[in-house]
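Asker: Take a look at the following structure, please.
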Amino acid sequence: MKTTASLVLMAAIRAAAATALPESPVSNVRALAFDRFYQVWLENTAYSASAADPNMQWLSSQGILLTNYHGVTHPSEPNYCAAAGGDTFGMDWDQWFQVPANISSVPDLLDTKGISWAEYQEQLPYAGFQGFNYSNQETLKDDYVRRHNPLVLYDAVVVDDTRARQIKNFTGFEADLANKKLPQWAFITPNVTNDAHDTNITFGAKWERHWMSALLQNDYFMKDTLVLLTFDEDIYDISDKSATFDQGSRVHSILLGGAIPDHLKGTTDDTFYTHYSTIASVSANWGLPSLGRWDCGANIFEIVANKTGYLNYDVDLTNLYLNYTYPGPLTTGILEQYFGGATNLKTSPSSKWTWPVPNVDAKCSAGYGVLDTVKRTYSGMKATYNYTSPYPWDSVSGYNLNVTATRKSAYTTTTTTDTSSTSRGSAATETLPVLSGTSRGTGPSFNAMLVAVVALFAFQQ
Ligand SMILES: *[C@@H]1O[C@H](CO)[C@@H](O)[C@H](O)[C@H]1NC(C)=O
Ligand SMILES: *[C@@H]1O[C@H](CO)[C@@H](O)[C@H](O)[C@H]1NC(C)=O
Ligand SMILES: *[C@@H]1O[C@H](CO)[C@@H](O)[C@H](O)[C@H]1NC(C)=O
Ligand SMILES: *[C@@H]1O[C@H](CO)[C@@H](O)[C@H](O)[C@H]1NC(C)=O
Ligand SMILES: *[C@@H]1O[C@H](CO)[C@@H](O)[C@H](O)[C@H]1NC(C)=O
Ligand SMILES: *[C@@H]1O[C@H](CO)[C@@H](O)[C@H](O)[C@H]1NC(C)=O
Ligand SMILES: *[C@@H]1O[C@H](CO)[C@@H](O)[C@H](O)[C@H]1NC(C)=O
Ligand SMILES: *[C@@H]1O[C@H](CO)[C@@H](O)[C@H](O)[C@H]1NC(C)=O
Ligand SMILES: *[C@@H]1O[C@H](CO)[C@@H](O)[C@H](O)[C@H]1NC(C)=O
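Below, the structure written as structure tokens:
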């Protein structure tokens, strides 16, 4: 049934779609191991299920299979959030969350060298759309969902109209490909049918092979490009209260593209990686700073680490749990309430937790220190967590204690055990003013209005 609210919303979307122009900046900043990095995320599939799929097997034969790559928590949205900003901020659910403008994300790193970036979200109704979802207008089935869109979660990205319009749909991808205006960094989200969320891995893998095969034949697309095919998380079914999750949230991940030397095609790499490794690898590749969060200590894809000489860590998985997260400002407690059998779910985060403070002093795995804006915003404040670790942990809530990481080395081996550490500082006083370095242009107030309308109705649907 169409309510007045949804009719008003649809009219607003149509009006905005008629005028919102996609933004397609281009650049050619050369780097160490690849000149483009594109990631395509499918949904909710156990490693073993994806590895058994014949289309996935074909895709891995074309590149390097990463056998030890991990999502960082459940459910979906915090994983997408993590891949853009280096933390989940305690997020434990899939609703409307916004990360404040004083928190930086990958676009801020790329912008330091003018490296072009974009997102391609299938069936996003128009470039820069910030609504909660956009459904198939004939069947009313879900298509685009905000929870699978990492950059839209970050206020520092979407308050800027030009930046927001770099969040495009698949029509935009086809146009950029045809016009040779593809960016150097992109995040790609198929709709919830194609990404296996509302279907299954058989369907998702078939879509992915079909979509990738065409690109693997395209010289313009392939040249010096690295593509990561991965999943947000392993199996996750909230309706099944007896569900057990693969404790490490290991997801079947494949590196493809022209940046991969022929002799490595069809090989495997068992280095420990997480979604945070995507940020660290991009930093190391282009010589960019870190966000100073969990990307800071993350392992770097071998294809880059081999060039910078960085020695990754081996992480013992025995006591590593990446199937939940430590509490933070975006924790609602919904997951616990749900599993506890609550019927009247509380849906907003509590204000108990402050926004975590990044490490502004570390050199980080990529080797270029921390972004200047981050340093200015958080100078003099004590980092909330030990962000130089290759996996997330928190001594206060007891998250991932007792995990051992050993640096890989041809000559010496050093072992660090985080058990006795107390590096998670007491909550720092946040008195610094919000930096205004992100206000490059003002977005149309129309979009802001739309966001407000959608936010208002998101929970009544
Ligand atoms: C994609 O975005 C463009 C530009 O904003 C818009 O005109 C078009 O209708 C959108 N296409 C789809 C399939 O949503
Ligand atoms: C969002 O999804 C709901 C169903 O959950 C649907 O009723 C509504 O029309 C969708 N909104 C848009 C803009 O597609
Ligand atoms: C998802 O996208 C495909 C095209 O890739 C389209 O055919 C399909 O209708 C979309 N899914 C839904 C539920 O509309
Ligand atoms: C996915 O669903 C299709 C259609 O229902 C079915 O044929 C196929 O066996 C399923 N795949 C898996 C891995 O369960
Ligand atoms: C995480 O995995 C561990 C070990 O399998 C399990 O005991 C625990 O219940 C899981 N946590 C959640 C939130 O599912
Ligand atoms: C990195 O170097 C190691 C050791 O020489 C080698 O085995 C591996 O294949 C290299 N990996 C890549 C992706 O170049
Ligand atoms: C932080 O983590 C790194 C890497 O695991 C470790 O070497 C270091 O000792 C840790 N620092 C503290 C204060 O626990
Ligand atoms: C960590 O190890 C200590 C000592 O072996 C043990 O008492 C404690 O329960 C462990 N903590 C966790 C969270 O596994
Ligand atoms: C960042 O913004 C949040 C939300 O507005 C605020 O609570 C926090 O104090 C700010 N942090 C700093 C260091 O300015």
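Here the sequence shown stands for residues -18 to -1, 1 to 443, where the numbers follow mature numbering (1 follows the signal peptide of the UniProt record, and there is no 0).
From the three backbone atoms N, C-alpha and C, an ideal C-beta is built for every residue, glycine too.
#1: Do Ala196 and Tyr108 have their C-beta atoms closer together than 7 Å?
#2: Evaluate residue 452 with the Cβ neighbour count: other Cβ atoms within 10 Å of its Cβ, from every protein chain shown; 16 or more gives buried, anything less gives exposed.
#3: Tell me the residue span of the alpha helix (DSSP H) that contains Leu238.
#4: Please tell me whether Asp201 and Leu48 are closer than 7 Å, where the distance is taken between their beta carbons.
#5: Let me confirm a value: Arg358 is counted as buried when at least 16 other C-beta atoms fall within 10 Å, else exposed. Which label applies?
#6: Restricting to Cα atoms, I'd like to know which of Val88, Glu156, Asn118 and Tyr102 is closest to Asn131.
#7: Just list the residues that DSSP pairs Leu211 with in beta bridges.
#8: Under the rule that 16 or more other beta-carbon atoms within 10 Å means buried, what is Pro338, buried or exposed?
#9: What are the partner residues of Pro297, as DSSP defines its beta bridges?
#10: Could you check the C-alpha separation between Leu106 and Asn115 for me, to the nearest Å?
#11: So the candidates are Ser272, Asn294 and Ser6; which of them puts its Cα closest to the Cα of Thr253?
#12: Can you give the beta carbon distance from Gly351 to Ser272, rounded, assuming they're within the 8 Å contact cut?
#13: Report the rounded CA-to-CA distance for Met(-9) versus Phe155, giving the unit in angstroms.
#14: My parser needs the beta strand (DSSP E) runs of 3 or more residues fully inside the region 61 to 106; what are they?
#15: Asn115 bridges to which residues according to DSSP?
#16: Rank Val174, Phe283, Asn301 and Arg275 by C-alpha distance to the C-alpha of Ser371 and give the top, closest one.
#17: Under 6 Å from any heavy atom of ligand 6, by CB: list those residues in chain order, please.
#18: What are the boundary residues of the alpha helix (DSSP H) that includes Trp167?
#19: Count the other C-beta atoms from every protein chain shown that fall within 10 angstroms of the C-beta of Arg147, then say buried if there are 16 or more, exposed otherwise.
#20: So who's on the other strand from His52, going by DSSP bridges?
#21: List in chain order: all unbroken alpha helix (DSSP H) runs of 4+ residues lying wholly within the region 334 to 386.
#22: I'd like the span of the beta strand (DSSP E) that includes Thr250, first residue to last.
#23: When you measure from the CB of Asn200 to every non-hydrogen atom of ligand 1, does any distance come out below 6 Å?
#24: Go through its chain and collect everything with a Cβ distance to Ser259's Cβ below 7 Å, but skip five positions before and after it.
#25: Nearest CA to the CA of Asn50: which residue from Thr184, Gly269, Val385 and Tyr255?
#26: Indicate the three-state DSSP secondary structure (helix, strand or coil) for Leu272 in the structure shown.
#27: Are the region 77 to 86 and the region 135 to 143 touching, with three or more C-beta to C-beta distances below 8 Å?
#28: When you measure from the CB of Thr121 to every non-hydrogen atom of ligand 1, does any distance come out below 6 Å?
#29: Taking Val8 as the reference, give the member of Lys95, Ile170, Leu304 and Ala387 with the closest Cα.
#30: Between which residues of its own chain and Ser42 is the CB-CB distance below 7 Å, once the five residues before and five after are set aside?
#31: Compare the beta carbon distance of Glu215 and Asn61 with 7 Å and say whether it is the shorter of the two.
#32: Going by the beta-carbon positions, is the gap between Trp99 and Pro165 smaller than 7 Å?
#33: For ligand 1, is there any heavy atom lying closer than 6 Å to the beta carbon of Ala(-8)?
#34: So residue 445 and Leu208 are supposed to be a Cβ contact under 8 Å. How far apart are they, rounded?
#35: Of the residues Arg232, Tyr292 and Phe203, which one's Cα is nearest the Cα of Ser265?
#36: Please confirm whether any heavy atom of ligand 4 lies closer than 6 Å to the CB of Thr184.
Answerer: Per the coordinate set shown:
#1: Numbered from 1 along the sequence shown, position 214 holds the residue referred to as residue 196. Numbered from 1 along the sequence shown, position 126 holds the residue referred to as residue 108. No, they are not a contact pair.
#2: Because the chain in this structure spans residues -18 to 443, residue 452 falls outside the shown range and cannot be described.
#3: Indexing the sequence shown from 1 puts residue 238 at position 256. Careful: Leu238 lies outside any alpha helix (DSSP H), inside the beta strand (DSSP E) at Ser235 to Leu238.
#4: Locating residue 201 in the sequence shown gives position 219, where the first residue counts as 1. Locating residue 48 in the sequence shown gives position 66, where the first residue counts as 1. No, the Cβ-Cβ distance between Asp201 and Leu48 is not below 7 Å.
#5: For this step, residue 358 is matched to residue 376 along the sequence shown. Under this definition Arg358 is an exposed residue.
#6: Locating residue 131 in the sequence shown gives position 149, counting from the first residue. Per the Cα distances, Tyr102.
#7: Sequence index remark: in the sequence shown, residue 211 carries index 229 (1-based). Answer is Val22 and Ile236, bridged to Leu211.
#8: Here residue 338 refers to the residue found at position 356 of the sequence shown. It counts as buried.
#9: Taking the sequence shown and counting its residues from 1, one reaches residue 297 at position 315. The question names Pro, but residue 297 is Val in the sequence shown. According to DSSP, which records beta bridges pairwise, Val297 is partnered with Ala387.
#10: Stepping through the sequence shown from its first residue, residue 106 is reached at position 124. Stepping through the sequence shown from its first residue, residue 115 is reached at position 133. Near 8 Å, if we compare the C-alpha coordinates of Asn115 and Leu106.
#11: As a first step, residue 253 must be located in the sequence shown, where it is residue number 271. Considering only alpha carbons, the answer is Asn294.
#12: Your numbering for residue 351 matches position 369 in the sequence shown. Your numbering for residue 272 matches position 290 in the sequence shown. Contact holds; Cβ gap of about 7 Å.
#13: Mapped onto the sequence shown, residue -9 falls at position 10. Mapped onto the sequence shown, residue 155 falls at position 173. So the two alpha carbons sit approximately 24 Å from each other.
#14: 99 to 103
#15: On the sequence shown, position 133 is the one that residue 115 refers to. According to DSSP, which records beta bridges pairwise, Asn115 is partnered with Val127.
#16: The count along the sequence shown starts at 1 and reaches residue 371 at position 389. Among Val174, Phe283, Asn301 and Arg275, the Cα nearest to that of Ser371 belongs to Arg275.
#17: Leu246, Glu284, Ile285 and Asn288
#18: As a position in the sequence shown, residue 167 is number 185, starting the count at 1. First-last for Trp167: Trp167 to Thr171, but that is the beta strand (DSSP E), not the alpha helix (DSSP H).
#19: Sequence index remark: in the sequence shown, residue 147 carries index 165 (1-based). Arg147 should be labelled buried.
#20: Position 70 of the sequence shown, counted from the first residue, corresponds to residue 52. His52 pairs with Arg232 and Thr256.
#21: 354 to 360
#22: Here the question's residue 250 lines up with position 268 in the sequence shown. Run containing Thr250: Thr249 to Asp251, per the beta strand (DSSP E) assignment.
#23: Mapped onto the sequence shown, residue 200 falls at position 218. Every heavy atom of ligand 1 is 6 Å or more from the Cβ of Asn200, so no.
#24: The residue you call residue 259 lines up with position 277 of the sequence shown. These residues qualify, in order along the chain: Ala280, Asn281, Ile282 and Phe283.
#25: Working through the sequence shown from its first residue, we reach residue 50 at position 68. It is Tyr255.
#26: Residue numbering aside, residue 272 sits at position 290 when the sequence shown is read from its first letter. Looking at the sequence itself, residue 272 is Ser, so the reference to Leu does not match. Here Ser272 sits in strand by DSSP.
#27: yes
#28: Locating residue 121 in the sequence shown gives position 139, counting from the first residue. No, the beta carbon of Thr121 sits no closer than 6 Å to any heavy atom of ligand 1.
#29: Looking up residue 8 in the sequence shown gives position 26. Among Lys95, Ile170, Leu304 and Ala387, the Cα nearest to that of Val8 belongs to Lys95.
#30: Sequence index remark: in the sequence shown, residue 42 carries index 60 (1-based). Cβ within range, chain order: Ile236.
#31: The count along the sequence shown starts at 1 and reaches residue 215 at position 233. The count along the sequence shown starts at 1 and reaches residue 61 at position 79. Yes; because the gap between Cβ atoms is below 7 Å, this pair is in contact.
#32: Position 117 of the sequence shown, counted from the start, is the residue given in the question as residue 99. Position 183 of the sequence shown, counted from the start, is the residue given in the question as residue 165. Cβ distance < 7 Å, so Trp99 and Pro165 count as in contact.
#33: The count along the sequence shown starts at 1 and reaches residue -8 at position 11. Ala(-8): no, Cβ never under 6 Å from ligand 1.
#34: Only positions -18 to 443 of the chain appear in this structure, which leaves residue 445 out of reach.
#35: Sequence index remark: in the sequence shown, residue 265 carries index 283 (1-based). The shortest C-alpha separation from Ser265 is found at Tyr292.
#36: Here residue 184 refers to the residue found at position 202 of the sequence shown. It does: the Cβ of Thr184 is within 6 Å (strictly closer) of some heavy atom of ligand 4.
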